[in-house]
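Numbering (UniProt numbering), first residue to last: 1 to 204.
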């Protein structure tokens, strides 16, 4: 017990607790997909889709875990703008859709998969177990909890109020949604391809 306590005291001095963003791109329709296809084909398709999401990381995000149908990205540092998060998501979504279309052309039918993104900002830490880096803190728990929501869309960004930069009152909101199924939205501020204003649904 004494050795355990000494190790704790030693490690606690080196703990790195910083503000940062946690982002989780998650494949919508994954469960139905797994249940509708053989293991050999399914694992290959998901690996290809996750690979292009990783390759589309243009903002220096680090990878903590790949979790079946999702990638846990994080980055310590200043809070990114909503526009930067949207741009990163759209790069991932574009790469995902291009690869998905390529695969669907080969298999000859739609796979009904899409991509959503959860993002939260706050203080957390990382630690190492063997060769693995793990994250610890409220933002990690919160981001994972937000994956289980009642949003009917399959293609969206769900941001917590901690990332709101437009209005002070928005920061007190639980979270807000940018829905790509409802409209062809490109950013929170810009217009859609069809010229209609973007609408942001606030979830309370």
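Glycine is no exception: its CB is placed at the ideal position from the N, C-alpha and C atoms.
Note that the coordinates shown come from a computational prediction; the quantities given were computed from them, not determined experimentally.
Margin query: Rounded to whole angstroms, what is the Cα-Cα separation between residue 70 and residue 27?
Written below: Counting from 1 along the chain shown, the entry for residue 70 is found at position 70. Counting from 1 along the chain shown, the entry for residue 27 is found at position 27. In this structure, the alpha-carbon of residue 70 lies about 6 Å from that of residue 27.
Check: Mapping DSSP to helix, strand and coil, what is residue 175?
Finding: Within the chain shown, residue 175 is the residue found at index 175, counting from 1. Looking at residue 175 - three-state DSSP - the assignment turns out to be strand.
Check: How about residue 64 and residue 135: do their beta carbons lie closer than 7 Å?
Finding: Along the chain shown, read from residue 1 onward, the residue named residue 64 stands at position 64. Along the chain shown, read from residue 1 onward, the residue named residue 135 stands at position 135. A contact, by the Cβ cut-off of 7 Å.
Check: Can you tell which of 105, 89, 109 has its C-alpha closest to the C-alpha of residue 179?
Finding: Along the chain shown, one-based indexing puts residue 179 at 179. Selected option, being the one with the closest Cα: 89.
Next item on the list: Compare the beta carbon distance of residue 119 and residue 91 with 7 Å and say whether it is the shorter of the two.
Entry: Against the chain shown, residue 119 aligns to sequence position 119. Against the chain shown, residue 91 aligns to sequence position 91. Contact: no.
Note to self: If the criterion is Cβ atoms closer than 7 Å, does the pair residue 147 and residue 115 meet it?
What the structure shows: Within the chain shown, the letter at position 147 stands for residue 147. Within the chain shown, the letter at position 115 stands for residue 115. With contacts defined as CB atoms closer than 7 Å, residue 147 and residue 115 fail to qualify as a contacting pair.
Notebook entry, point to check: Where does residue 81 sit, in a helix, a strand or coil, going by DSSP?
Noted result: Within the chain shown, residue 81 is the residue found at index 81, counting from 1. Note: residue 81 maps to coil in three-state DSSP.
Note to self: I'd like to know whether the C-beta atoms of residue 24 and residue 145 end up nearer to each other than 7 Å.
What the structure shows: Taking the chain shown and counting its residues from 1, one reaches residue 24 at position 24. Taking the chain shown and counting its residues from 1, one reaches residue 145 at position 145. For residue 24 and residue 145, no; Cβs fall outside 7 Å.
Next item on the list: Within its chain, find whatever has a CB closer than 8 Å to the CB of residue 169; leave out the 5 residues flanking it on each side and keep chain order.
Entry: Translated into positions along the chain shown, residue 169 becomes position 169. Low confidence applies here, because residue 169 scores a pLDDT of 47, under 50, leaving its location unreliable; read the following figure in that light. For residue 169, where only same-chain residues beyond five positions count, there are no Cβ hits under 8 Å.
Check: For residue 157, which three-state DSSP category applies?
Finding: The residue you call residue 157 lines up with position 157 of the chain shown. In the structure shown, residue 157 sits in a strand (DSSP, three-state: E or B).
Notebook entry, point to check: Taking the alpha-carbon positions, what's the residue 74 to residue 80 distance?
Noted result: In the chain shown, counting from the first residue as 1, residue 74 sits at position 74. In the chain shown, counting from the first residue as 1, residue 80 sits at position 80. Between residue 74 and residue 80, the C-alpha separation is close to 12 Å.
Check: Where does residue 98 land, buried or exposed, given buried means 16+ other C-beta within 10 angstroms?
Finding: Position 98 of the chain shown, counting from 1, holds the residue named residue 98. The residue is exposed, with fewer than 16 neighbouring Cβ atoms inside 10 Å.
Notebook entry, point to check: Which residue or residues does DSSP assign as beta-bridge partners of residue 121?
Noted result: As a position in the chain shown, residue 121 is number 121, starting the count at 1. Partner(s): 21.
Checklist line | DSSP-derived helix/strand/coil call for residue 133 | finding: One-based indexing of the chain shown puts residue 133 at position 133. Looking at residue 133 - three-state DSSP - the assignment turns out to be strand.
Check: Considering only residues of the region 40-119, which uninterrupted alpha helix (DSSP H) runs meet the minimum length of 4 residues and lie entirely inside it, listed in chain order?
Finding: You should have 82-107.
Note to self: For the structure I just gave you, are there three or more beta carbon pairs, one from the region 150-161 and one from the region 101-117, closer than 8 Å?
What the structure shows: Judged by Cβ distances under 8 Å, the region 150-161 makes contact with the region 101-117, as three or more pairs qualify.
Next item on the list: State the start and end residues of the unbroken alpha helix (DSSP H) segment that holds residue 140.
Entry: Translated into positions along the chain shown, residue 140 becomes position 140. Here the alpha helix (DSSP H) through residue 140 covers 138-146.
Next item on the list: Can you tell me which of 39, 41, 59, 77 puts its alpha carbon nearest to the alpha carbon of residue 16?
Entry: In the chain shown, counting from the first residue as 1, residue 16 sits at position 16. Comparing Cα-Cα distances from residue 16 to each of 39, 41, 59, 77, the minimum goes to 77.
Check: With 16 as the cutoff for other CB atoms within 10 Å, does residue 44 come out buried or exposed?
Finding: Locating residue 44 in the chain shown gives position 44, where the first residue counts as 1. Residue 44 is exposed by the Cβ-count criterion.
Check: When the Cα atoms are used, what is the spatial distance from residue 53 to residue 95?
Finding: The residue you call residue 53 lines up with position 53 of the chain shown. The residue you call residue 95 lines up with position 95 of the chain shown. Their Cα atoms are separated by approximately 7 Å.
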